[in-house]
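Notes follow the structure.
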Amino acid sequence: MSAQDLFVRWAAAAEGARVWHRPDATVVACADLAHWDRLVLSGDPDALAGLLRELMPAVGPTFRPFGPEDLVAAVVARLPELEVSAHFAWMEATEPVGGGQDGPYWLGEREWPEVSALLEESFPDSYARPGAPGVRRWAGLRDVDGRLIAVAADAWSTDEIGFLAGVTTRPDARGRGLAATLCAFAADELLAGRERVALLADYSNTAAVATYRKLGFAIRRVAAARQK
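Take the sequence shown: its letter number 139 is residue 120 in my numbering, and every next letter is one higher.
Here you go:
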């Protein structure tokens, strides 16, 4: 399956998605998809550039083109009103990654204030937040004193693609493999009954990318653009 088709299917299955088709071009507009209002792209760069010229005035400046890195770059090259704003790694697994260790579990909503506090301390830039649109539930790991030390969200998942976000470990608990343990649990839970589990990782977070690769996640290079 091409990355273009994969990303379009993910976005089109999200709540509130709107889909436009033209010969050789498909764009899916979805608000609050992995935090941002996105225009997910599939097709030929020339055809997509023409379709985006039609759509962008209608959807507004908050919507950002998103898709395979080379496709986004090619579309931006045809639309001077756009600029590439970010490069990410879409990381995915289609087979279980080895969850099942004791410790991780799905948190109850009464525990979400602890999640918010941990994110503020350890990952203030997290796209996922308790109660945010598309963020369904949180997995957590506690130490022997009951302190919440690692979390990961089930966020923006669809019937076919489970999606992980908001993964973080308390700073004084890092270096012990806790993120790998928690992500293995959450990934296998989200993969059950689905074709794959995925996440977006920042290339600058080399430790996280290395952890996901050790768990068996493959990388697809993606990019986002924004209106100038």
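Every residue, glycine too, gets a C-beta built ideally from N, C-alpha and C.
Annotation: C11 to L60 spans about 21 Å, alpha carbon to alpha carbon.
Nearest to W137 by alpha-carbon distance, out of L(-13), A(-16), E(-4), is E(-4).
Take E92, set aside five residues on each side of it, and the residues of its chain with a beta-carbon closer than 8 Å to its own are W119, G121, L129, in chain order.
One thing to note: V21 has its Cβ no nearer than 8 Å to the Cβ of A55.
A contact between stretches requires three or more CB pairs, one per stretch, nearer than 8 Å, and the region 138 to 152 fails this requirement with the region 18 to 37.
Distance from the CA atom of A189 to the CA atom of L181, rounded to whole angstroms, is 11 Å.
In the DSSP annotation of this structure, the continuous segment of the beta strand (DSSP E) that includes T7 starts and ends at 6 to 14. In terms of Cβ geometry, A204 and E50 form a close pair [threshold 8 Å]. Using a Cβ distance threshold of 8 Å, L163 and A134 do not count as a contacting pair. Between L145 and V178, the CB-CB gap stays under 8 Å.
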